[in-house]
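In order, the protein sequence lines correspond to chains L and V. Under our numbering, the first residue of the first sequence is numbered 1, with each subsequent residue one higher. Under our numbering, the first residue of the second sequence is numbered 1001, with each subsequent residue one higher. For glycine and all other residues, C-beta sits at the position ideal for the given N, C-alpha and C. All values derive from a computational prediction rather than experimental measurement. In what follows, a single structure is set out as structure tokens and then discussed.
Number of protein chains: 2
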Amino acid sequence: MPDNTITDKILGNKNLKITKARKLILETLKGSLPKTASEIFTLVRDKDGELSLSTVYRTCETLSQKGILLKSNLIDDGVARYEYLETEHIHHAICLGCKKIFPIEDCPFGQFDKLMQSKYDFDVKSHRIEIYGYCHDCKQKQKEK
Amino acid sequence: MPDNTITDKILGNKNLKITKARKLILETLKGSLPKTASEIFTLVRDKDGELSLSTVYRTCETLSQKGILLKSNLIDDGVARYEYLETEHIHHAICLGCKKIFPIEDCPFGQFDKLMQSKYDFDVKSHRIEIYGYCHDCKQKQKEK
DNA sequence: TTAGATGCAAATGTTTTGCAGGGCT
DNA sequence: AGCCCTGCAAAACATTTGCATCTAA
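This is the structure we're talking about:
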């Protein structure tokens, strides 16, 4: 009676045990914006199961090291965030006003990796682009000041 | 007898008092790679003056908010780093092996800001590109394993 | 059965803050 | 003089870790 969900496959392929904690965290993060450990903790609790905060930290760390999640500090507020690493390539725009994170589908990076290779002898594994500015809403508010 | 160094001008232009702490920190950061608060603390101490660690934090925070420094968490090790925001546009490549940070002069970003504007109505103030991979040295070591 | 996962509580390390004194303008 | 800046020590947070218990393979 194998209930092979996508989540199970992901974990299985990386030699990771399929546990409640891992499934809950992946389901919480899937298709959503980057979240902090304590946000994940709360979301999981609201949904079904109980997970300790340290398990959230440990699990997110493990999944990040396996390349399933991406750990980042987009907002530079001293809190790490984890996001599901989609196969598609996604970057973010961060509003300096409300600190909201907007996903950006366009990646202008095309052949840059090759340049890094030839010019710096640097093997590019991944890259991240972050854009800082003001979103539509906050732009309005700025004008009102 | 105005000894108007560049540092003084920078501070003056932003309506910031010219204090020992600010000068020391700016001089320490100028033209160097991103540094943590405690690295700055040590470097300043080794050079001339005494600064408390909390002053380093407070000053870096202030200078970041004025756009003189850039605060970042490039390495995702839970420690914030501050760097002097040069007029020229510089990005970084971070080696996943030794965690060293390499400055990259090339910016492939040309007209991307305009796209952000028209497609997302997002006012771009600045952007950051981070590249993760293996530097020349660590590439060698990887092969040896 | 057994290595690996989890929960709990305590420890660690970074960053922030309150308050009193000192320095810049 | 007046307000902002700094030092010190304590507080607040985020994250990690040790150890005992549990669980997936």
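> Where L:G31 and V:I1025 are concerned, what is the direct C-alpha to C-alpha distance, given to the nearest angstrom?
Replying inline: Your numbering for residue 31 of chain L matches position 31 in the first sequence. Your numbering for residue 1025 of chain V matches position 25 in the second sequence. The alpha-carbon atoms of L:G31 and V:I1025 are separated by roughly 42 Å.
>> Using only the alpha-carbon positions, how far apart do L:D46 and L:A37 sit?
In response: Position 46 of the first sequence holds residue 46 of chain L. Position 37 of the first sequence holds residue 37 of chain L. Roughly 14 Å separates the two Cα atoms.
>> If contacts are defined as beta-carbon pairs under 8 Å, then L:E83 and L:L29 qualify, I think. What distance do you get, rounded to the angstrom?
In response: To locate residue 83 of chain L, count along the first sequence from 1; it is residue 83. To locate residue 29 of chain L, count along the first sequence from 1; it is residue 29. In this structure, L:E83 and L:L29 form a Cβ contact; the two beta carbons are roughly 6 Å apart against a cut-off of 8 Å.
>> Suppose contacts are defined by Cβ-Cβ distances below 8 Å. Is V:L1051 in contact with V:A1021 by that definition?
In response: Walking along the second sequence from the start, residue 1051 of chain V turns up at place 51. Walking along the second sequence from the start, residue 1021 of chain V turns up at place 21. For the 8 Å CB-CB criterion, V:L1051 and V:A1021 form a contact.
> Closer than 9 Å, Cβ to any Cβ of chain L: which residues of the region 1025 to 1056 of chain V, in chain order?
Replying inline: From the region 1025 to 1056 of chain V, no residue has a Cβ closer than 9 Å to chain L.
> In chain order, what residues of the same chain have a beta carbon less than 8 Å from the beta carbon of V:K1035, not counting five sequence neighbours either side?
Replying inline: Locating residue 1035 of chain V in the second sequence gives position 35, counting from the first residue. Counting only Cβ-Cβ distances below 8 Å, and skipping sequence neighbours, we find T1028, L1029, L1043, R1081, Y1082 and E1083.
> Interface residues of chain V around L:G78 at Cβ under 9 Å?
Replying inline: Here residue 78 of chain L corresponds to residue number 78 of the first sequence, with the count starting at 1. Within chain V, the residues near L:G78 are N1073, G1078 and A1080.
> For V:D1121, is the classification buried or exposed, using 16 other Cβ atoms within 10 angstroms of its Cβ as the cut-off for buried?
Replying inline: The residue you call residue 1121 of chain V lines up with position 121 of the second sequence. Result: exposed.
>> With H, G and I counted as helix, E and B as strand and the rest as coil, what does DSSP make of L:F102?
In response: Here residue 102 of chain L is taken as the residue at index 102 of the first sequence, counted from 1. Strand, per DSSP.
> When the cut-off is 8 Å and only beta carbons count, does L:Y84 lie next to chain V?
Replying inline: Your numbering for residue 84 of chain L matches position 84 in the first sequence. In terms of beta-carbon proximity, L:Y84 stays away from the interface with chain V, with every pair separated by 8 Å or more.
>> For L:C135, would you say it is in contact with chain V, using Cβ-to-Cβ distances shorter than 8 Å as the test?
In response: By one-based count along the first sequence, residue 135 of chain L stands at place 135. It does; some Cβ of chain V falls within 8 Å.
> So, V:M1040 versus V:V1056, is the Cβ gap smaller than 8 Å?
Replying inline: By one-based count along the second sequence, residue 1040 of chain V stands at place 40. By one-based count along the second sequence, residue 1056 of chain V stands at place 56. With the sequence shown as reference, residue 1040 of chain V is identified as Ile, and Met is not the correct amino acid for it. With a cutoff of 8 Å on beta-carbon distance, V:I1040 and V:V1056 are scored as near each other.
> I think L:L147 touches L:I101, with their Cβ atoms under 8 Å apart; what is that distance to the nearest whole Å?
Replying inline: With chain L covering only 1 through 145, there is no way to say anything about residue 147 of chain L.
> So L:K66 packs on L:L16, CB below 8 Å; how close in whole Å?
Replying inline: As a working note, residue 66 of chain L is residue 66 in the first sequence. As a working note, residue 16 of chain L is residue 16 in the first sequence. Taking 8 Å as the upper bound for CB-CB distance, L:K66 and L:L16 are in contact here, some 7 Å apart.
> Thinking C-alpha only, which one of L:T19, L:D77 and L:R128 is nearest L:T59?
Replying inline: Start at 1 with the first residue of the first sequence, and residue 59 of chain L comes out as number 59. The shortest C-alpha separation from L:T59 is found at L:T19.
> Can you pull the DSSP bridge partners for L:S72?
Replying inline: On the first sequence, residue 72 of chain L is found 72 positions in, with the first residue counted as 1. For L:S72, the pairing in a beta bridge is given by DSSP as L:R81.
>> If distances are taken between C-alpha atoms only, which option among L:D77, L:Q117 and L:R128 comes closest to V:C1135?
In response: Along the second sequence, one-based indexing puts residue 1135 of chain V at 135. It is L:Q117.
>> Buried or exposed for V:D1123, going by 16 or more other Cβ atoms inside 10 Å?
In response: Counted from its first residue, the second sequence places residue 1123 of chain V at position 123. Label assigned to V:D1123: buried.
> Is the beta carbon of V:N1073 less than 8 Å from the beta carbon of L:D48?
Replying inline: Start at 1 with the first residue of the second sequence, and residue 1073 of chain V comes out as number 73. Start at 1 with the first residue of the first sequence, and residue 48 of chain L comes out as number 48. With respect to L:D48, V:N1073 sits apart: the two C-beta atoms are not nearer than 8 Å.
> What first and last residue would you give for the alpha helix (DSSP H) that runs through V:T1019?
Replying inline: In the second sequence, the residue the question calls residue 1019 of chain V occupies position 19. No alpha helix (DSSP H) holds V:T1019; DSSP gives it neither H nor E.
> Among L:R128, L:T5, L:T7 and L:L85, which has the Cα closest to the Cα of V:Q1093?
Replying inline: What you label residue 1093 of chain V is simply residue 93 of the second sequence in a count that begins at 1. Checking the displayed sequence, the identity of residue 1093 of chain V turns out to be Ala instead of Gln. Closest option to V:A1093, Cα to Cα, is L:R128.
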